[in-house]
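Numbering (the numbering used here), first residue to last: 7 to 190.
Glycine included, each C-beta is placed from N, C-alpha and C at the ideal position.
Fair warning: this is a prediction, and the values are worked out from it, not measured in the lab.
Since the structure comes first, as structure tokens, the remarks are kept for the end.
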């Protein structure tokens with residue numbers, strides 16, 4: 007997952023360089039992809055909701071899976087996802103309105119993409135890593151079926167998946183904002 011965060015940081019830098027091809031490897035079972043930087047002289051704007059993964063061409067509906075997120079306020083958000091995308095990538099790429107989700111962009115440096123799964127779905131997920139467990143220890147509202155969205159990759163068998171966003175999130179950015187407001 008570190009490769010995704012690094013690639014997201016490097017793209018704006020590389021877009022101005024005269025480089026023919028840069029290789030990016032994503033860790034969710036997505037085949038290796040090639041990214042050709044923008045032509046020299048083109049500008050790239052910065053956004054907090056940029057796509058985490060550039061996919062060549064459009065995927066067919068057969069490759070897509072429907073995923074439902076139950077937001078903190080109970081709102082049901084539905085998105086289509088491509089096989090191999092992480093749940094964090096689905097939220098960012100579909101621009102879903104989940105406040106504070108994915109602060110570290112999938113580098114396993116926070117727990118803001120904490121999701122709660124149904125028990126039977128949770129048991130079918132790939133094994134959890136020690137690094138993910140360490141980050142989950144920092145998550146609010148931890149349950150037996152909690153996982154980080156950046157570590158769970160979409161499979162075709164997950165079509166119709168429903169996950170719940172916990173009521174609270176551990177996000178240092180909120181504490182910093184409160185600190186700034188109290189100083190004013």
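Which residue marks the beginning of the beta strand (DSSP E) containing residue 168, and which one marks its end? 167-170
Beta strand (DSSP E) segments (min. 3 residues) lying fully within the segment 69-93: 70-76 and 82-88
What is the DSSP secondary structure of residue 156, counted as helix, strand or coil? helix
So does the segment 142-158 actually touch the segment 99-117, counting three or more Cβ pairs closer than 8 angstroms? yes
Segments of 4+ residues assigned as alpha helix (DSSP H) that fall wholly inside the segment 92-116: 93-99
Within this structure, are the beta carbons of residue 169 and residue 121 separated by less than 8 angstroms? yes
Using DSSP with H/G/I as helix, E/B as strand and the rest coil, what is residue 142? helix
Would residue 87 and residue 71 qualify as a contact pair, given that the criterion is a beta-carbon distance under 8 angstroms? yes
Rounding to the nearest angstrom, what Cα-Cα distance links residue 135 and residue 161 in this structure? 18 angstroms
Counted within 10 angstroms of its Cβ, other Cβ atoms place residue 118 as buried (16 or more) or exposed: buried
Bridge partners for residue 123 per DSSP, in chain order? 169
Apart from the five residues just before and just after residue 89, which ones in its own chain have a Cβ nearer than 7 angstroms to its Cβ? 69, 71, 160, 161 and 162
Can residue 96 and residue 85 be called in contact, C-beta distance under 8 angstroms? yes
For residue 199, count neighbouring C-beta atoms within 10 Å of its own C-beta (all shown protein chains included) and say buried if the count is 16 or more, exposed if not. Shown here, the chain extends from 7 to 190; a query on residue 199 therefore has no answer.
Give me the Cα-Cα distance between residue 7 and residue 114, rounded to the nearest whole angstrom. Note that residue 7 scores 47 on pLDDT, short of 50, meaning its location in the model is unreliable; the coordinates nonetheless yield the value given after this. Between residue 7 and residue 114, the C-alpha separation is close to 7 angstroms.
When the Cα of residue 91 is compared with those of 164, 127 and 145, which residue comes out closest? 164
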